[in-house]
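A.B. asks: Let me give you the structure first, and then I'll get to my questions.
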Amino acid sequence: MSALKNDLFIRALLKKEVERTPMWIMRQAGRYLPEYRATRKRAGNFLTLCKTPELACEVTMQPLDRYSLDAAILFSDILTIPDALGLGLQFSEGEGPSFKSPITNMADVDRITHIEPINELRYVTDAVSLIRKELDGRVPLIGFSGSPWTLATYMVEGKGSKEFHKVKGMLYREPETLEKLLEVLSNSVTNYLAAQIDAGAQAVMIFDTWGGVLSKECYLKYSLSPMKKIVQDLKKLSSAKDIPIVLFTKGGGNWLNEMAATGCDALGLDWTTEINVARAQVGDKVALQGNLDPCVLYGSDQVIRDEVKKVLDKFGKGSGHILNLGHGIQQYVDPAKVSVLVEAVKEFSPEYH
Ligand code: CP3
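This is the structure we're talking about:
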């Protein structure tokens with residue numbers, strides 16, 4: 008495999024010196040891009056897009072062909088694992104994801120304990136290999152997974168939720184069922200990320216979208232502790248030990264010290280956390296990724312440029328910063344605004360290094 012022509016992202020994750028701040032955008036391949044919508048239409052639906060390596064590769068490359076981003080992210084979804092565990096994932100237009108057979112009790116968990124999801128996820132590792140070939144060393148490729156807790160929320164609720172009454176009800180009513188489910192998922196996520204790394208992923212990110220709905224005590228026990236086990240298990244593998252790991256808990260700003268103590272290499276920050284405060288707390292241990300409000304992209308070009316300056320100023324001089332949004336880019340964003348963002352980072356960030 009070819010050496011990386013642009014390794015700014017990897018260097019920043021490892022807090023090594025860089026000439027400018029690298030950037031990529033969560034959900035950079037997605038509905039705000041007309042070429043993405045065209046490929047999805049050709050695929051017929053979102054899941055077929057995910058499950059066809061050639062199409063997943065095509066949409067992964069789309070944002071890189073438009074913008075000078077410093078990383079590619081595998082096009083897939085976090086719900087591939089529950090799908091492979093037999094829950095029957097479906098995406099209905101405008102409604103988001105749902106499962107035909109959600110997890111409701113211990114018998115449901117027992118049924119999935121002996122399935123090895125990685126056997127069903129060959130389409131993901133095939134996509135990773137194909138993307139690496141297509142990238143030809145342009146920028147690094149990020150692999151990813153959902154966190155066990157975030158996957159459990161979808162598997163127990165059966166779909167997206169605002170109140171999380173089923174999964175949090177399970178937590179307080181029958182914690183042993185949730186614990187068993189999280190154990191199954193921890194092993195699945197470790198194997199899944201290790202397989203993505205073996206196929207060519209050069210960094211991995213764990214998306215804990217719903218850790219922030221828990222109390223601190225429950226976050227540490229049900230969300231962070233499974234993520235810590237995954238980080239530690241990956242760091243024991245000779246194939247994975249040098250691959251940087253990013254942890255992102257949306258709403259996790261109060262728990263950065265505990266997150267940084269997992270042994271991960273970087274933390275993703277949402278827009279509610281001040282990056283200067285985060286750096287003062289954990290900047291000696293981990294790199295920081297973030298944390299513009301995704302809605303700055305609805306502002307004027309000048310507003311976007313000002314917000315970029317603010318986040319660079321707040322982080323301050325030195326390495327260990329990857330510029331990103333604090334959550335995924337939204338479908339209503341004008342693609343031209345993303346150019347303004349990317350070019351502003353290129354223009355302003357060299358003086359911080
Ligand atoms: O960042 C990237 O470009 C990689 C692709 C990616 C997708 N989903 C593609 C996608 C990644 C990293 C994800 C992660 C994901 N998926 C998360 C965690 C990240 C986060 O946002 O916190 C979650 C919670 C999911 C589950 C999921 N997938 C939901 C709730 C939805 C529906 C909501 C929505 O935005 O429509 C999806 C669908 C989805 N995943 C789309 C994309 C591009 C939109 C599908 C479409 O084309 O209609």
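In terms of our numbering, the sequence shown opens at residue 8 and continues consecutively.
No residue lacks a Cβ here, since even glycine has one placed at the ideal position from N, Cα and C.
All of these numbers come straight from a predicted model, not from anything done at the bench.
1) Could you tell me whether any non-hydrogen atom of ligand 1 is closer than 8 Å to the CB of residue 80?
2) Rounded to whole angstroms, what is the Cα-Cα separation between residue 89 and residue 290?
3) Could you pull out every residue in the same chain whose Cβ sits closer than 7 Å to the Cβ of residue 300, ignoring the five residues on either side in sequence?
4) Would residue 128 pass as an interface residue toward chain C - the criterion being a Cβ-Cβ separation below 9 Å?
5) What do you get for residue 339, buried or exposed, if any count of 16 or more other CB atoms within 10 angstroms of its CB means buried?
6) Shortest alpha-carbon distance to residue 360 belongs to which of 350, 346 and 323?
7) Take every Cβ of the region 250-257, pair it with every Cβ of the region 198-212, and state whether three or more of those distances are shorter than 8 Å.
8) Return yes when the C-beta of residue 38 is under 8 Å from any heavy atom of ligand 1, and no when it is not.
9) Is residue 212 helix, strand or coil when you go by DSSP?
10) Three or more C-beta pairs closer than 8 Å, one from the region 178-188 and one from the region 123-131: is that the case here?
11) So, at 6 Å on beta carbons, what are the nonlocal neighbours of residue 29 in its own chain, with the 5 sequence-adjacent residues on each side left out?
12) Leaving out five residues before and five after residue 37 in sequence, what residues of the same chain have Cβ atoms less than 8 Å from its Cβ?
13) With residue 105 as the anchor, note down where its beta strand (DSSP E) starts and where it stops.
14) On the criterion of 16 or more Cβ atoms from any shown chain inside 10 Å, does residue 194 qualify as buried, or is it exposed?
15) Which ranges does the beta strand (DSSP E) cover as unbroken runs of at least 3 residues, wholly within the region 124-197, from first to last along the chain?
16) Quick check: residue 352 and residue 319, are their CB atoms within less than 9 Å of each other?
17) Which residue comes first and which comes last in the beta strand (DSSP E) that contains residue 294?
18) Apart from the five residues on each side of it in sequence, which residues of its chain come closer than 8 Å, Cβ to Cβ, to residue 269?
19) Where do the ends of the beta strand (DSSP E) carrying residue 98 lie?
20) Could you compute how far the alpha carbon of residue 348 sits from the alpha carbon of residue 87?
21) Return yes when the C-beta of residue 332 is under 8 Å from any heavy atom of ligand 1, and no when it is not.
22) Taking contact to mean 3 or more Cβ pairs, one atom from each stretch, closer than 8 Å, check whether the region 168-176 and the region 97-106 are in contact.
23) Out of 242, 13 and 165, which has the shortest C-alpha to C-alpha gap to residue 26?
24) Name the residue from 81, 294, 244 and 118 whose alpha carbon lies nearest to the alpha carbon of residue 327.
25) Suppose the cutoff is 6 Å on Cβ atoms and the five residues either side in sequence are ignored; what does the same chain contact list for residue 107 look like?
26) Any heavy atom of ligand 1 closer than 8 Å to the Cβ of residue 307?
27) Could you check the C-alpha separation between residue 273 and residue 93 for me, to the nearest Å?
28) What is the DSSP secondary structure of residue 258, counted as helix, strand or coil?
29) Among residues of its own chain, excluding the 5 on either side of residue 62, which ones have a beta-carbon nearer than 7 Å to its beta-carbon?
30) Would you call residue 343 buried or exposed, if buried means 16 or more other Cβ atoms sit within 10 Å of its Cβ?
31) Can you list, in chain order, the residues of its chain whose CB lies under 8 Å from that of residue 81, leaving out five sequence neighbours each side?
32) May I ask you to list the residues that DSSP assigns as paired with residue 331?
33) Is residue 30 helix, strand or coil by DSSP?
34) When you compare each of 241, 257 and 266 to residue 228 by their alpha carbons, which one comes out closest?
C.D. replies: According to the data block:
1) Start at 1 with the first residue of the sequence shown, and residue 80 comes out as number 73. In terms of side-chain proximity, the C-beta atom of residue 80 is found nearer than 8 Å to a non-hydrogen atom of ligand 1.
2) Position 82 of the sequence shown, counted from the start, is the residue given in the question as residue 89. Position 283 of the sequence shown, counted from the start, is the residue given in the question as residue 290. When rounded, the distance between both Cα atoms is 34 Å.
3) As a first step, residue 300 is located in the sequence shown; it is residue number 293 there, counting from the start. Excluding residues within five positions, the ones whose Cβ falls inside 7 Å are 278 and 333.
4) Absence of chain C from the displayed structure is noted, only one protein chain being present.
5) Numbered from its first residue, the sequence shown carries residue 339 at position 332. With fewer than 16 other Cβ atoms within 10 Å, it is exposed.
6) Residue 360 sits at position 353 when you count from the first residue of the sequence shown. Looking only at 350, 346 and 323, the smallest Cα-Cα distance to residue 360 is reached by 323.
7) Under the 8 Å Cβ criterion, the region 250-257 counts as touching the region 198-212, having at least three qualifying pairs.
8) Position 31 of the sequence shown, counted from the start, is the residue given in the question as residue 38. Result yes, Cβ under 8 Å from ligand 1.
9) Locating residue 212 in the sequence shown gives position 205, counting from the first residue. DSSP, reduced to helix, strand and coil, places residue 212 within a strand of the structure shown.
10) Taking a contact to require three or more Cβ pairs closer than 8 Å, the region 178-188 and the region 123-131 do not qualify as touching.
11) Looking up residue 29 in the sequence shown gives position 22. Within the same chain, Cβ atoms closer than 6 Å to the Cβ of residue 29 are found at 15, 16, 19, 77 and 329, the five residues on either side in sequence being excluded.
12) Sequence index remark: in the sequence shown, residue 37 carries index 30 (1-based). Excluding positions up to five away in sequence, the list reads 43, 335, 336 and 338.
13) Numbered from 1 along the sequence shown, position 98 holds the residue referred to as residue 105. From DSSP, the beta strand (DSSP E) with residue 105 extends over 103-106.
14) Translated into the one-based positions of the sequence shown, residue 194 becomes position 187. By the 10 Å Cβ count, residue 194 comes out buried.
15) Secondary structure within the region 124-197: the beta strand (DSSP E) runs of 3 or more consecutive residues, fully enclosed, are 148-153 (chain order).
16) Counting from one through the sequence shown, the residue named residue 352 turns up at place 345. Counting from one through the sequence shown, the residue named residue 319 turns up at place 312. Cβ atoms of residue 352 and residue 319: closer than 9 Å.
17) Residue numbering aside, residue 294 sits at position 287 when the sequence shown is read from its first letter. In the DSSP annotation of this structure, the continuous segment of the beta strand (DSSP E) that includes residue 294 starts and ends at 294-299.
18) Taking the sequence shown and counting its residues from 1, one reaches residue 269 at position 262. For residue 269, where only same-chain residues beyond five positions count, the Cβ hits under 8 Å are 231, 234, 235, 238, 239 and 254.
19) Walking along the sequence shown from the start, residue 98 turns up at place 91. DSSP places residue 98 inside the beta strand (DSSP E), whose first and last residues are 96-99.
20) Indexing the sequence shown from 1 puts residue 348 at position 341. Indexing the sequence shown from 1 puts residue 87 at position 80. Residue 87 has its alpha-carbon roughly 31 Å from the corresponding atom of residue 348.
21) Against the sequence shown, residue 332 aligns to sequence position 325. Within the chosen limit of 8 Å, ligand 1 does not reach the beta carbon of residue 332 with any heavy atom.
22) With contact defined as three or more Cβ pairs closer than 8 Å, the region 168-176 and the region 97-106 are not in contact.
23) Within the sequence shown, residue 26 is the residue found at index 19, counting from 1. Out of 242, 13 and 165, 13 has the C-alpha closest to the C-alpha of residue 26.
24) One-based indexing of the sequence shown puts residue 327 at position 320. Per the Cα distances, 294.
25) Along the sequence shown, read from residue 1 onward, the residue named residue 107 stands at position 100. Within its own chain, the residues whose Cβ lies closer than 6 Å to the Cβ of residue 107, once the five positions on either side in sequence are excluded, are 95, listed in chain order.
26) Indexing the sequence shown from 1 puts residue 307 at position 300. Between ligand 1 and residue 307, a heavy atom-to-CB distance of less than 8 Å is absent.
27) Residue numbering aside, residue 273 sits at position 266 when the sequence shown is read from its first letter. Residue numbering aside, residue 93 sits at position 86 when the sequence shown is read from its first letter. Approximately 32 Å between the Cα atoms of the pair.
28) Mapped onto the sequence shown, residue 258 falls at position 251. Of the three classes helix, strand and coil, the one that applies to residue 258 here is coil, per DSSP.
29) Your numbering for residue 62 matches position 55 in the sequence shown. Hits under 7 Å: 46, 50 and 56.
30) Locating residue 343 in the sequence shown gives position 336, where the first residue counts as 1. Residue environment analysis places residue 343 among the exposed positions, since fewer than 16 neighbouring C-beta atoms fall within 10 angstroms of its C-beta.
31) As a first step, residue 81 is located in the sequence shown; it is residue number 74 there, counting from the start. In the same chain as residue 81, and ignoring 5 residues on each side of it, the C-beta atoms closer than 8 Å to its own belong to 63, 67, 131, 134, 135, 138, 148, 149, 150, 151, 203 and 208, in chain order.
32) Along the sequence shown, read from residue 1 onward, the residue named residue 331 stands at position 324. Looking at the DSSP assignment, residue 331 forms a beta bridge with 298.
33) By 1-based counting over the sequence shown, the position of residue 30 is 23. Secondary structure at residue 30: strand, using DSSP grouped into helix, strand and coil.
34) On the sequence shown, position 221 is the one that residue 228 refers to. Checking every option, the nearest Cα to that of residue 228 belongs to 266.
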